[in-house]
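Here's the structure we're looking at; comments come further down.
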Amino acid sequence: MSESKFEIPAEFASQLRHVPSKDTRTDAEIIATLNDHAPITSEKNIWTYWHAGVDAMPSWNQRTMCNWIRLHGPSWTVRVLNTVPGHPNHALNWIDADQLPETFVQGTMVGPYTGPHSADFLRAPALYRYGGVWMDSSCILFRSLDRICWDKLADEESPFSVGAVTQYGTVMANAFVAARKGDVFVKKWHEIFMELWRGQTDWSGIAASPLILPILMKMELSEAVEAGFKWKFTVDPVHILGYIGQVLSWCRLASLQEPDGGFDGVDYYTKKVLCFDSLSEIWAAETLNDFDGGEMYKSMFTTRRDADPESEEYKKAYATTWRLLTQSSLQKITHGKGMTTDIHCGYLLDQNEGSDCAPGTFGELLRYGSVHFEQTRESIDYREAHRVSEDRIIHKGLLEA
Numbered sequence: 003m004s005e006s007k008f009e010i011p012a013e014f015a016s017q018l019r020h021v022p023s024k025d026t027r028t029d030a031e032i033i034a035t036l037n038d039h040a041p042i043t044s045e046k047n048i049w050t051y052w053h054a055g056v057d058a059m060p061s062w063n064q065r066t067m068c069n070w071i072r073l074h075g076p077s078w079t080v081r082v083l084n085t086v087p088g089h090p091n092h093a094l095n096w097i098d099a100d101q102l103p104e105t106f107v108q109g110t111m112v113g114p115y116t117g118p119h120s121a122d123f124l125r126a127p128a129l130y131r132y133g134g135v136w137m138d139s140s141c142i143l144f145r146s147l148d149r150i151c152w153d154k155l156a157d158e159e160s161p162f163s164v165g166a167v168t169q170y171g172t173v174m175a176n177a178f179v180a181a182r183k184g185d186v187f188v189k190k191w192h193e194i195f196m197e198l199w200r201g202q203t204d205w206s207g208i209a210a211s212p213l214i215l216p217i218l219m220k221m222e223l224s225e226a227v228e229a230g231f232k233w234k235f236t237v238d239p240v241h242i243l244g245y246i247g248q249v250l251s252w253c254r255l256a257s258l259q260e261p262d263g264g265f266d267g268v269d270y271y272t273k274k275v276l277c278f279d280s281l282s283e284i285w286a287a288e289t290l291n292d293f294d295g296g297e298m299y300k301s302m303f304t305t306r307r308d309a310d311p312e313s314e315e316y317k318k319a320y321a322t323t324w325r326l327l328t329q330s331s332l333q334k335i336t337h338g339k340g341m342t343t344d345i346h347c348g349y350l351l352d353q354n355e356g357s358d359c360a361p362g363t364f365g366e367l368l369r370y371g372s373v374h375f376e377q378t379r380e381s382i383d384y385r386e387a388h389r390v391s392e393d394r395i396i397h398k399g400l401l402e403a
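Sequential numbering from 3 applies to the sequence shown in the working numbering.
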């Protein structure tokens, strides 16, 4: 075994072990291969999207993907879809146009969220057609996908065929979704979402769709606060709901029982979807830093390891970094997209080149540990899929208003 660049503190020695990287290529060598159209050889595919292609990504996103590859080696294949004309990984080389909204295919989508919503359009079709895991390019992994959920999904004795991150109730976080090829829940989830976007060129009319009205009538945004989510939104609820149309589509399907022996989404969701908790597994840095993006940025990345160990800044960075490395599956870095009062960590990373891994910082340690420190915990914070109460079940057809 190669010598570790960083020592694991004694207090975490039972929770981590040093492992070598499974890919020794440089970042540049790895990025170059991500421009290739890699043939499908299995369901172990990692899907993500960047509109202008991997070469145009902020460097911290590129490093994130390089570390996905170093963590997994050749057993998983990473593909970065895009909308660059003529590119081998143009989305339409992978997903048929009739599976996507016209506004995406024609390039007529407008508004501030064209990037996130383009990723939303591609997420379910890629998983349904090919299988694998969809991750946003801002997800820093600390645990292999096999050990997060794929081993359970691939086990023929397991009931699960989908892996998802749960927030509260049936509300999920779509930054990470895993599914076996051809899963019917994923297919129907996408069909609902496509219906929401029929005739749309932006997100603004989504919350008015009669398909999600039964969900909205029962939903209270205060539920999110009560569940521990403390983002300080500056936009009205309709704005937020329009932005998360794909999540609301999931909620509808998990609440749906079609009449006359049709699809039972309630039963399928509770029996076939493997859920794990969002706050403990993908947003632990938020809980440790009171949902303050600036504090997260300092705690995860820019605080120096040679700072005064008695300072509050050092203590918070130390606690955050080692909590993520030992007990989180990943950390989803958010941008906020102008919807909250504070600046999010993703925005600060975009604006400060190289600050995610500068020598001598906790960011350097976090980046190294995400590849070289393997968690010893056998399981993660799985949660039983929430079964909606009888009064919240929707007894209608899939696309019936």
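Just so it is clear, CB atoms sit at the ideal spot from N, CA and C, and this is done for glycine as well.
In this text the structure is predicted, and so the values were computed from the model without any measurement.
Residue 277 sits in a strand when the DSSP states are folded into three classes. For residue 359, there is no enclosing alpha helix (DSSP H), since its DSSP letter is neither H nor E. Residue pairing by DSSP places residue 84 opposite 92 in a beta bridge. Residue 382 is a Cβ neighbour of residue 150, given a cutoff of 8 Å. Take residue 55, set aside five residues on each side of it, and the residues of its chain with a beta-carbon closer than 8 Å to its own are 37, 82, 84, 86, 89, 91, in chain order. Going by DSSP, residue 141 is part of the beta strand (DSSP E) stretching over 141 to 143. With a cutoff of 8 Å on beta-carbon distance, residue 341 and residue 235 are scored as near each other.
A direct Cα-Cα distance of roughly 16 Å separates residue 66 from residue 337. When DSSP states are grouped into helix, strand and coil, residue 65 belongs to the helix group. According to the DSSP assignment, residue 248 belongs to the alpha helix (DSSP H) that extends over 247 to 256. According to DSSP, residue 174 shares a beta bridge with 168. A Cβ-Cβ distance of about 25 Å is found for the pair residue 39 and residue 146, leaving them out of contact under the 8 Å criterion. Residue 195: member of the alpha helix (DSSP H) spanning 186 to 198, first to last residue. Between residue 265 and residue 129, the C-beta gap is not smaller than 8 Å, which leaves the two residues out of contact. Ranked by how close their Cα comes to the Cα of residue 44, the residues 133, 95, 173, 122 have 133 in first place. For residue 108, the number of other beta carbons within 10 angstroms of its own is below 16, and it is reported as exposed. The straight-line gap separating the alpha-carbon atoms of residue 208 and residue 201 is approximately 11 Å. Taken through DSSP and simplified to helix, strand or coil, residue 371 comes out as helix.
Within a 10 Å sphere around the beta-carbon of residue 63 sit 16 or more other beta-carbons, which makes this residue buried.
Per DSSP, residue 51 is not a residue of any alpha helix (DSSP H); the beta strand (DSSP E) it occupies stretches across 47 to 51. About 19 Å separates the Cβ atoms of residue 139 and residue 28, ruling out a contact at the 8 Å cut-off.
Annotated as proximal: residue 214 and residue 250, with beta-carbon spacing under 8 Å. With a cutoff of 8 Å on beta-carbon distance, residue 328 and residue 257 are scored as not near each other.
Counted as a single uninterrupted DSSP element, the beta strand (DSSP E) harbouring residue 137 occupies residues 134 to 137. Two segments are said to touch when three or more pairs of C-beta atoms, one from each, lie closer than 8 Å; by this definition the stretch 278 to 286 does not touch the stretch 210 to 227. For residue 355, the three-state secondary structure derived from DSSP is coil.
Rounded to whole angstroms, residue 227 and residue 188 show a C-alpha spacing of 28 Å.
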